[in-house]
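Colleague: Just so we're aligned: 1150 in our numbering is position 1 of the sequence shown, and the numbers increase by one with no gaps anywhere.
Glycine residues also receive a C-beta, built at the ideal position from the N, C-alpha and C atoms.
Just so we're clear, the structure is a prediction, and the values are computed from it rather than from any experiment.
Have a look at this one before I ask anything.
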Amino acid sequence: MLTGATSGLGRASARFLGALGMTVVAVGRDPRRLEEVAREIEIAGGTAYPEACDLADLDQTADLAERITRRLDHIDVLVHNAGALLGERTETPQGHETTVAVHLLSPHLLTVRLRPLLKAADQAKVITMTSGGMYTERFALDRLEMTDDYRGSVAYARAKRAQVVWTVALQAREPAEGLDFSLVHPGWAKTPGVADSLPTFSRALGPLLRTPAEGVDTLVWLCSLDPGIPAGGRLWLDRRPRPFYRLSSTRVSDERLAEQGTELLAWLDQAIEATK
Ligand SMILES: NC(=O)c1ccc[n+]([C@@H]2O[C@H](COP(=O)([O-])OP(=O)(O)OC[C@H]3O[C@@H](n4cnc5c(N)ncnc54)[C@H](OP(=O)(O)O)[C@@H]3O)[C@@H](O)[C@H]2O)c1
């Protein structure tokens, strides 16, 4: 199951996963693009289940989880790839800042609600698409939703940093032989998302950026690793584990990281509890 399957990195991944003969639940917002990606998966040799959902809206995300639970008996890999850097601060129907909803609340809700299907697979994987941008920000729960002085690039980097804290916390909570939670960074790839949100960067560095196909190599590799090969609790780039920190100002001890994880999971659990 792959979110953000209708554009850029997700769309390239969908085609590769189809070529590996997988059944791909492709999640996106736009019905036309969903139809196109479903066709691409089928042409590549896979089976496509297109699913429309705006992941900013937790009610829609809950409905999606319910539909999937009725339709499938297990999920081998859940990829949280959907994401966006939003220039303006907006709030979701549930009153959350949209970046936080799409990158954290909705992935948490999906992961919790789809847990029975993940547990029904042989050591399922949950893979989250983070970004090198997260290296610039430290984690602070009270600075996530950015009620004052919103800046899209900062909100994005904080949400991506929080995805690291979330992944490490879930992996630590997981018993041996349980689910495997990892993160992947694509490198910088020329996608519609980058062209829209960082036009100058995209134009200036265009020739140096990866193609979407190059950007998803590690994600597709992780998806197709045999169950039981441990990738969890780590951040992957170019098929190698990478550090969680590059700047001393963002670095915390392992003990503090675990405390941050506990704090974040408690907040997320509470935030999704209100959802039907
Ligand atoms: N490209 C890079 O260099 C780069 C670097 C680091 C990390 N990333 C991460 O990689 C992921 C994919 O990015 P991309 O570059 O491929 O961008 P993209 O071309 O804009 O694709 C983003 C995908 O996310 C979906 N999405 C966004 N908001 C959504 C929402 N509210 N509900 C449902 N789906 C939503 C989009 O759906 P629609 O088609 O409906 O818009 C689209 O399918 C993101 O998490 C991004 O942060 C990208």
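Using a Cβ-based criterion (distance less than 7 Å to any ligand heavy atom), does Pro1341 qualify as near ligand 1?
Modeller: With a threshold of 7 Å, the Cβ atom of Pro1341 counts as near ligand 1, since some heavy atom of the ligand is closer than that.
Colleague: For the alpha helix (DSSP H) holding Glu1422, just list the boundary residues, first then last.
Modeller: 1403–1422
Colleague: How far does the beta strand (DSSP E) with Asp1148 in it reach, from first residue to last?
Modeller: This structure does not reach residue 1148, given that the chain is present from 1150 up to 1425, and the question cannot be answered.
Colleague: Let me check you understand the geometry: is the CB of His1334 closer than 7 Å to at least one non-hydrogen atom of ligand 1?
Modeller: yes
Colleague: Cβ of Gly1167 versus every heavy atom of ligand 1: is any distance shorter than 7 Å?
Modeller: no
Colleague: Which same chain residues end up closer than 7 Å to Thr1367 when comparing Cβ atoms and leaving out the 5 residues on each side of it in sequence?
Modeller: Val1333, Trp1385, Leu1386, Asp1387, Arg1388
Colleague: Just how far apart, CA to CA, sit Leu1354 and Gly1157?
Modeller: 17 Å
Colleague: Report buried or exposed for Gly1377, applying the criterion of at least 16 other Cβ atoms within 10 angstroms of its Cβ.
Modeller: exposed
Colleague: Is it buried or exposed for Ser1162, if we count other Cβ within 10 angstroms and need 16 for buried?
Modeller: buried
Colleague: So Met1283 and Arg1310 are supposed to be a Cβ contact under 8 Å. How far apart are they, rounded?
Modeller: 4 Å
Colleague: How about Leu1201 and Pro1180: do their beta carbons lie closer than 8 Å?
Modeller: Just to set this straight, residue 1201 is Ala in the shown sequence, not Leu. In this structure, Pro1180 lies closer than 8 Å to Ala1201 by Cβ.
Colleague: Are there three or more Cβ pairs, one per stretch, closer than 8 Å when the segment 1237–1247 is compared with the segment 1292–1304?
Modeller: yes
Colleague: Please confirm whether any heavy atom of ligand 1 lies closer than 7 Å to the CB of Thr1152.
Modeller: Between ligand 1 and Thr1152, a heavy atom-to-CB distance of less than 7 Å is present.
Colleague: Let me check one thing: in DSSP terms, what residues is Glu1246 bridge-paired to?
Modeller: Beta-bridge pairing links Glu1246 to Glu1240.
Colleague: Going by DSSP in three states, Ala1353 sits in which element: helix, strand or coil?
Modeller: It is helical.
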